[in-house]
Amino acid sequence: MSAFSLNLFVRAARREKLPQAVYAQLIDALYGTYASFVAGMVCGSAVGLVSWLRSGDPIFLWATAAIFGTCAFRTVILFWYRSQPRGDDMRLREIAAWELRYAAGAWTFMLALGVTSALGVYEGNDLITLLYGSVVAVGCAGAIAGRNSARPLIVSGQVLLCCGPLAISLLSSGEPYLLGVSGMILLFFAAVSSTTKTLYAGLRRALVQTQAVQKLAALHKREKTRFDDALNTMKGGLCMFDVSGRVVVINAGLRCYFPTMNLASGATIGGFVEAIGGATQASTEDLRRFGLELRDRLEGGRQTPVELLTADGSIFEFRVSLRAEGGAVVVVDDISERRAAEREIKHLAHYCSLTGLPNRFRFRDEIQRVLSNASKGLGGDVAVLYVDLDGFKEINDSLGHPMGDKLLIEVAKRLHEAAHGDMVARFGGDEFVVLKTKSGSSPEQLAKRLIDAISESYAIDGHHLVVGASIGIASWPGDGETADDLIRSSDMALYHAKNAGRGQYARFEPQMDADAQRRREIEMDLRVAVASGAFELHYQPLVDASSGRILACEALLRWRHPDKGLISPAQFIPIAEDTGLIVAIGEWVLAKACKDAMSWPQGTRVAVNLSPIQFKRGDVVGAVLSALRTSGLPPERLECEITESLMMSDTPATREAISSLCAMGVRLALDDFGTGHSSLSRLHGIPFHKLKIDKSFVDKLGQTPESMAIVKAIVSLARELGKTVVAEGVETRVQMDILQKLHVTELQGYFFSKPVPIADLHEKLAEPRVIKLGQAA
Ligand code: C2E
Ligand code: MG
Ligand code: MG
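When the letters of the sequence shown are read in order and numbered with the working numbering, they come out as residues 2 to 778.
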């Protein structure tokens, strides 16, 4: 099959502007039946055989064989076509190829038939041969014109190849045939041509229309399936109402929400509400309201959703949207989980998730409500009690946060019980606040009750825990008119309660406000001082109790304030500790003290005070190491003074830091001994070298027998432990004499020397025995 002939058919198909699917169908119709093939084969072969019988010429046997052969060829093509997959996606060239194959078979057959008939006419001049050959040829051409009318090219070829030779032969057979045959041929061509065209045009139109209708139907079917799928797989329920307010569509989601719903197609809005009510068993009142609201949305076109609470506590949301062409769509969602989550979020925003107590925000709302009532003369006395736990941090640090959390839960329970109905809130950490509105007891009585309740020991996970509480009290309206003022005042009172010692409560006093203001000012100035280096170190000697020789000097920090002059550490160190500034200050003190000590006689040690905050929030070991390295001071000449409160927060990190300091060779002194809360068992584990008896015991020596007994006990304890013992704050000869008699190793106090600047200290250090015992400094 040449490419030329294939292109001929492709171009013809394109010229016809046939939709490809229609073209494929037309070609498919050509291969539709064997019947015409068989009829053609029988009649064609018969023409050959009749001609041979009448004439005896063997050429007709060849002609018969040719007709038969072309028919066989066509049958093979037909089988081949039928065995091929034939889909809508056949390409144009493929279809044209099949048309070409068909045309080749059809044309060859008609040519063989036409030539055989023509030979019969021309050669035999026999009437039967002539009649039979002409009738079969013309009949075949006519039948083909009808059968293959959809493919005019094939029809024209077939008719031409069949009738052409026959007509030539008839014309050449003499006058008698001339007129009749010409007329017959002319009529035939006219008939074929008009029939073909008319038939083909109609057929083509029908096919194109059928295909369009089929396509449309398929499209509708697809869209309907998609619509159904979308409806039934959508999350949520859907019900569609037509213009007259009747239900036309409901989806699977709606049935899933309300499985027992009995809703007939065509039900009205009233029927819809009734069916929902029946399926949910919502209360009559809820259902009535729901019905009214839904009707309102459907009629008024308002978008706001309507909610329905069912008997089992589920909440459904119905949203109405009106359709442009009339009617409405109601979309239903189960919003029970969403509402629960919203409730949870609201709860979390107002309550502490650990203890379940109201939080700061909820507390503020409540206090504002209470104050608003109180200002109208409703309700009783109002007071705020700010509660802070004593010793909670230590437990949390040493036993871990999970234990701390459990303790907080227990504390919350006890506070709640002891508050006797007053609101208890947790402000965070170990801070709780009680809003006292109930009369019956005074704020002080309530505070005492709360402290007692909290201070009872706790047994948690096999641990025996003890915490205390400090409380600040502020009453309305004297200590603050607004919620914020009251909370602030109670917080200030708490600060004072804490400073007064553990387990205390304090009432707010106006002075506290001034104190707080002063603290804030100091805090701001301190930050500037740290940056500008406004600190100095003064030194106070520690003398040998028997020889009076200076063994060590304690570095004591001084702040030279631009307006207020020299400020003592007692005033600013607690603030520096609260703000964490002590870490940077402490590093500076260590570096400076070690550097200064390098200018002192060999063997004279320097004592530096370390704050517990430096252990908790700073790298105290690193700071000591750096100070020693930079100055070149041997570690054994540095004494670090730590307080008993550090031992209270006996965390693994603190222990590790203390061990590291000892391992370095630095000496450790326990400062202010006897004033803290350390137990002797804790003392046992600390590798200290020196005990410093607090000034408060030394002060009363010679005045009270108790102080004498305490000092004696401390000295013998130190001796037993093999530690050096120092008495601080020695101011009088009497005190010195007693301490000497008690065999205290070292003495420190104004009696020998006040803390002095480094220049003055040098003078004292220059003398071999600077401080003569028994002589005031
Ligand atoms: P501390 O370590 O117990 O120091 C002894 C305090 O007692 C010093 O007060 C000293 O001046 C005072 N003192 C010594 N002998 C006598 C005496 O005979 N009579 C009286 N009335 N007082 C005497 P200062 O210098 O005001 O220091 C107070 C506290 O501030 C220190 O007590 C110490 O805990 C802390 N501190 C001082 N410097 C530093 C420092 O650099 N870092 C840290 N973390 N704390 C420091
Ligand atoms: Mg000290
Ligand atoms: Mg001290």
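By construction, the Cβ of each residue, glycine as well, lies at the ideal position given by its N, Cα and C atoms.
Model, not experiment: these values are computed from the prediction.
Residues bridged to residue i [DSSP beta-bridge criterion]
| i | result |
| --- | --- |
| Y387 | V434, G473 |
| F674 | I694 |
| F573 | According to DSSP, F573 bridges with nothing at all. |
| V307 | F319 |
| W560 | F536, I568 |
| P359 | Y352 |
| H421 | Paired residue(s): none; H421 is not in a bridge. |
| Y751 | Paired residues: none, contrary to the question. |
| I739 | Beta-bridge pairing links I739 to no other residue. |
| A329 | F242, L323 |
DSSP three-state assignment for residue i, whether helix, strand or coil
| i | result |
| --- | --- |
| W601 | coil |
| H690 | coil |
| E732 | coil |
| E367 | helix |
| I336 | coil |
| N610 | strand |
| R152 | coil |
| P758 | strand |
| G581 | coil |
| F259 | coil |
| R324 | coil |
| H465 | strand |
| E768 | coil |
| L239 | strand |
| H763 | helix |
| V625 | helix |
| T725 | strand |
| E457 | coil |
| A312 | coil |
| T746 | coil |
Sub-9 Å separation of residue i and residue j beta-carbons
| i | j | result |
| --- | --- | --- |
| G481 | A475 | yes |
| L786 | L748 | For the chain, the structure presents residues 2 to 778; residue 786 sits outside this window and is missing. |
| D462 | M493 | no |
| Y387 | S456 | no |
| G267 | R247 | yes |
| H351 | D366 | yes |
| Y82 | I155 | no |
| V467 | L436 | no |
| T676 | S697 | yes |
Residue i CB to nearest heavy atom of ligand 2 below 8 Å
| i | result |
| --- | --- |
| E642 | yes |
| E729 | yes |
| A608 | yes |
| E768 | no |
| E555 | yes |
Ligand 3 heavy atom lying under 8 Å from the CB of residue i
| i | result |
| --- | --- |
| D695 | yes |
| D672 | yes |
C-beta neighbour in chain D for residue i, strict 9 Å
| i | result |
| --- | --- |
| R320 | No chain D is present in this structure, which holds just one protein chain. |
Cβ-heavy atom distance, residue i to ligand 1, below 8 Å
| i | result |
| --- | --- |
| Q615 | yes |
| P758 | no |
| G1 | Here the chain comprises residues numbered 2 to 778, so residue 1 is not present and cannot be evaluated. |
| I583 | yes |
| L611 | yes |
| P542 | no |
| I715 | no |
| V385 | no |
| H562 | no |
| P570 | yes |
| L669 | no |
| K1 | The question about residue 1 has no answer here: the residues shown for the chain are numbered 2 through 778. |
| L1 | Residue 1 falls outside the range modelled here, since the chain spans only 2 to 778, and no answer is possible. |
| I782 | Absent from the model: residue 782. The displayed extent of the chain is 2 to 778, so no value can be given. |
| G587 | yes |
Cβ-heavy atom distance, residue i to ligand 5, below 8 Å
| i | result |
| --- | --- |
| V590 | Among the ligands in the structure shown, ligand 5 does not appear; only ligand 1, ligand 2 and ligand 3 can be found there. |
Any chance you could list the beta strand (DSSP E) runs of at least 3 consecutive residues sitting entirely within the region 471–555, in chain order? Runs found: 506–508, 536–545.
To test your reading of the DSSP string, which unbroken alpha helix (DSSP H) runs of 4 or more residues are found completely within the region 75–135? Within the region 75–135, the complete alpha helix (DSSP H) segments of 4 residues or longer fall at 93–125, listed in chain order.
Start-end ranges of the alpha helix (DSSP H) lying completely within the region 8–77, minimum 4 residues: Here the runs fully enclosed are 21–31, 36–56.
Note down, one range per segment and in chain order, each beta strand (DSSP E) of at least 3 residues found wholly within the region 246–302. Runs of the beta strand (DSSP E) inside the region 246–302: 248–251.
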